[in-house]
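Residue numbers (this note's numbering), protein chains in the order written: chain S, 3 to 279; chain W, 3 to 279.
Ideal Cβ placement from N, Cα and C applies to all residues, glycine included.
There are 2 protein chains.
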Amino acid sequence: MKKMKRSSRLVDMTQYLLSRPHTLIPLTTFAEQYRAAKSSISEDLAIIKEVFTSEGLGELITVTGAAGGVKYIPRAPKQQSLAFIQRICAMLGQSERILPGGYLYITDLLGEPSIMQEVGRMFASAFADRELDVVMTVETKGIPIAYATASYLNIPVVIVRRDNKVTEGSAVSINYVSGSSKRIQTMSLARRALSEEAKVLIIDDFMKAGGTIQGMMDLLKEFRATVQGVGVFVESEVPNKEEQLISDYVSLAKIAKIDQKEKRIEVLPGNYFEMEG
Amino acid sequence: MKKMKRSSRLVDMTQYLLSRPHTLIPLTTFAEQYRAAKSSISEDLAIIKEVFTSEGLGELITVTGAAGGVKYIPRAPKQQSLAFIQRICAMLGQSERILPGGYLYITDLLGEPSIMQEVGRMFASAFADRELDVVMTVETKGIPIAYATASYLNIPVVIVRRDNKVTEGSAVSINYVSGSSKRIQTMSLARRALSEEAKVLIIDDFMKAGGTIQGMMDLLKEFRATVQGVGVFVESEVPNKEEQLISDYVSLAKIAKIDQKEKRIEVLPGNYFEMEG
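And the structure:
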């Protein structure tokens with residue numbers, strides 16, 4: 003690596019840190035890479051830290067001592083996120099999204115990588131301080147949200163299948179009752195997909211009574227894994243609170259009302275915005 | 003926005019450009035945002051451009067004139083990518099990956115966001131100069147690769163379903179014959195998921211004879227869409243070349259041989275590395 007000027011170093015360190023969230027980078031890594039004094043690197047990091055904070059990108063945490071270094075923790079500032087979610091709520095409130103059966107078409111939003119990244123950053127921010135090994139979701143629509151979240155947390159993704167594929171090897175299957183349709187369904191996870199006692203963050207695109215998420219939790223028991231958190235992009239309010247199977251979760255948006263006859267939907271920001279911090 | 007020093011500006015412009023690939027950003031946007039002269043912004047961009055080039059992140063293209071600005075085009079330098087794919091090939095060559103039926107377990111690699119991002123960057127680099135509206139894949143395992151590719155190309159993702167879900171609205175379905183299993187299967191795409199005459203990049207995790215990809219191409223005809231390119235992460239060599247349904251595609255890795263009895267697999271870099279540039 004050739005010696006770089008401060009201006010070039012700042013560009014390279016910025017991209018290096020952004021692409022390695024939740025990773026402790028020793029100052030010597032930078033010092034050696036740029037052939038610069040540690041004191042210069044510290045000054046660079048102070049500049050980057052200030053911009054990351056003021057632009058709402060997240061924190062740069064400096065760990066001192068022999069095993070020290072710097073760590074980038076992505077954060078989503080509440081006010082920025084609220085403005086973003088209000089735009090999402092307005093889009094979700096379009097009457098042409100109502101499908102037969104009272105379902106809501108959200109696939110187009112899930113197809114936009116930039117929306118997924120913002121959603122992932124919010125979940126990564128909400129669960130930044132939990133000890134996590136893996137993000138889990140069930141196919142299909144939760145997958146992009148799970149990956150976006152996992153990339154900001156720098157941990158792998160595990161996908162629960164609705165069938166049992168030959169390309170996954172031996173798997174553990176369970177039956178569960180989908181809360182809204184009341185039908186018995188199957189989900190399965192490859193034995194080798196998850197190590198025993200893994201610490202899991204469950205992410206999904208949609209939750210009503212929570213039957214699917216309860217199913218994932220039951221499946222995780224078979225792996226003696228523990229659920230450290232649950233995040234859903236959109237929740238739909240359940241008229242009868244007793245029907246709700248999951249109580250501890252983070253939602254980004256909430257369908258308060260769907261009137262199929264009048265073609266009216268009311269979507270509000272989720273409980274994420276009631277959380278502290 | 004408060005006035006920023008060059009050092010802070012460089013940090014912020016770097017993150018701004020990285021998060022908006024393939025997007026023309028007028029110099030006035032930066033000049034107004036930082037309350038700086040356009041000449042200073044041009045100097046900043048020259049510094050960023052040099053680092054992006056030397057670090058193999060991609061190009062900064064400057065468009066002059068009234069409608070001018072700067073555009074970040076992610077690129078994956080061939081030599082860097084080859085080193086990466088050789089590591090992937092070594093992982094894929096582990097004998098414990100062989101599943102009954104001669105399938106190969108690759109789900110763990112697909113679960114690593116950092117691997118997916120590198121794979122996505124390679125596809126985005128290979129197809130950077132095509133005119134594209136959307137990345138398409140079929141559920142489930144191609145999804146993370148499709149999103150990673152789409153985020154570097156800054157276009158949306160469309161997911162073909164293997165069933166016909168109520169939450170997608172009216173859909174177009176076709177039957178196709180999976181090349182390897184010779185079974186008739188169904189795939190469907192929501193009517194509203196794709197606009198007519200869209201320009202499509204097809205991405206998938208695995209291809210043998212190409213039946214699934216041929217199915218996607220047939221489905222696209224129903225939307226009068228055109229296929230601008232096909233990218234597969236891993237291809238498996240077909241013993242009889244006449245069985246191959248797809249000839250124009252980009253692969254990153256190639257399974258040259260699976261010996262189920264001897265538990266030996268040979269995996270080589272794909273045809274991506276035979277391409278120019």
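Does DSSP classify residue i as helix, strand or coil?
i	result
lysine 143 of chain S	coil
asparagine 177 of chain S	strand
aspartate 135 of chain S	coil
alanine 148 of chain S	helix
glycine 95 of chain S	coil
lysine 259 of chain W	strand
leucine 270 of chain S	strand
arginine 163 of chain W	strand
leucine 59 of chain S	coil
leucine 101 of chain W	strand
valine 53 of chain W	helix
isoleucine 157 of chain S	coil
isoleucine 248 of chain S	coil
leucine 26 of chain W	coil
serine 253 of chain W	strand
Kindly say whether residue i, judged by its beta-carbon, lies nearer than 7 Å to any beta-carbon of chain S.
i	result
glutamate 141 of chain W	yes
glutamine 262 of chain W	no
alanine 85 of chain W	no
leucine 12 of chain W	yes
proline 158 of chain W	yes
glutamate 133 of chain W	no
valine 174 of chain W	no
leucine 29 of chain W	no
valine 236 of chain W	no
glutamate 57 of chain W	yes
leucine 47 of chain W	no
serine 9 of chain W	yes
valine 53 of chain W	yes
threonine 188 of chain W	no
threonine 16 of chain W	yes
Are the C-beta atoms of residue i and some chain W residue less than 7 Å apart?
i	result
tyrosine 178 of chain S	no
proline 205 of chain S	The sequence shown places isoleucine at residue 205 of chain S, rather than the proline named in the question. Closer than 7 Å: no.
threonine 64 of chain S	no
glutamate 114 of chain S	yes
alanine 152 of chain S	yes
tyrosine 251 of chain S	no
tyrosine 36 of chain S	no
proline 146 of chain S	yes
leucine 19 of chain S	no
glutamate 171 of chain S	Per the sequence shown, the amino acid found at residue 171 of chain S is glycine instead of glutamate. It does: the Cβ of glycine 171 of chain S has a partner Cβ on chain W nearer than 7 Å.
threonine 25 of chain S	no
leucine 101 of chain S	yes
isoleucine 50 of chain S	yes
tyrosine 107 of chain S	yes
tyrosine 149 of chain S	yes
As a quick exercise: from the options, pick the residue whose alpha carbon is nearest that of residue i.
i	options	result
isoleucine 257 of chain W	W/Phe125, W/Arg37 and W/Gly95	W/Gly95
arginine 8 of chain W	S/Ile43, S/Met6 and S/Val53	S/Val53
tyrosine 18 of chain S	W/Gly58, W/Leu47, W/Leu270 and W/Leu84	W/Gly58
glutamine 187 of chain W	W/Ile205, W/Thr169, W/Gly213 and W/Ser44	W/Gly213
serine 97 of chain S	S/Gly272, S/Asp261 and S/Phe275	S/Asp261
glutamate 199 of chain W	W/Gln88, W/Ala38, W/Met219 and W/Phe225	W/Phe225
leucine 47 of chain S	S/Ile157, S/Tyr251, S/Met118 and S/Leu12	S/Leu12
glutamine 1 of chain W	W/Pro271, W/Phe275 and W/Ser10	The requested residue 1 of chain W is not part of the displayed model; chain W covers only 3 to 279.
phenylalanine 208 of chain S	S/Arg194, S/Tyr107, S/Ala152 and S/Ala85	S/Tyr107
serine 2 of chain W	W/Ser197, W/Gly60 and W/Ala33	Since the first and last residues shown for chain W are 3 and 279, residue 2 of chain W lies out of range.
valine 236 of chain S	S/Lys143, S/Ala255, S/Ser42 and S/Val136	S/Ala255
arginine 77 of chain W	W/Ser42, W/Arg37, W/Pro102 and W/Gln119	W/Gln119
methionine 277 of chain S	S/Gly171, S/Ser253 and S/Ala33	S/Ser253
leucine 196 of chain S	S/Arg185, S/Ser180, S/Lys223 and S/Asp206	S/Lys223
glycine 233 of chain W	W/Leu191, W/Ala130, W/Arg193 and W/Met15	W/Ala130
Below 8 Å on the Cβ atoms is my contact criterion, and I expect residue i with residue j to pass it. Report the Cβ-Cβ distance as a whole number of Å.
i	j	result
isoleucine 147 of chain W	glycine 122 of chain W	6 Å
glutamine 216 of chain S	isoleucine 248 of chain S	6 Å
valine 240 of chain W	methionine 189 of chain W	Not quite, the Cβ-Cβ distance comes to about 21 Å (not below 8 Å), so this is no contact.
isoleucine 204 of chain W	valine 229 of chain W	6 Å
proline 28 of chain W	leucine 155 of chain W	Wrong, their Cβ atoms sit about 21 Å apart, outside the cutoff.
valine 174 of chain S	methionine 138 of chain S	That belief does not hold up - the Cβ atoms of valine 174 of chain S and methionine 138 of chain S are roughly 13 Å apart, past 8 Å.
leucine 26 of chain S	lysine 73 of chain S	5 Å
- Message: Could you tell me which whole beta strand (DSSP E) segments of length 3 or greater appear in the stretch 168-238 of chain W?
- Response: 173-179, 186-192, 201-209 and 228-238
- Query: Where are the beta strand (DSSP E) runs, 3 residues long or more, that stay fully inside the stretch 64-89 of chain W, in chain order?
  - Reply: Runs of the beta strand (DSSP E) inside the stretch 64-89 of chain W: 71-76.
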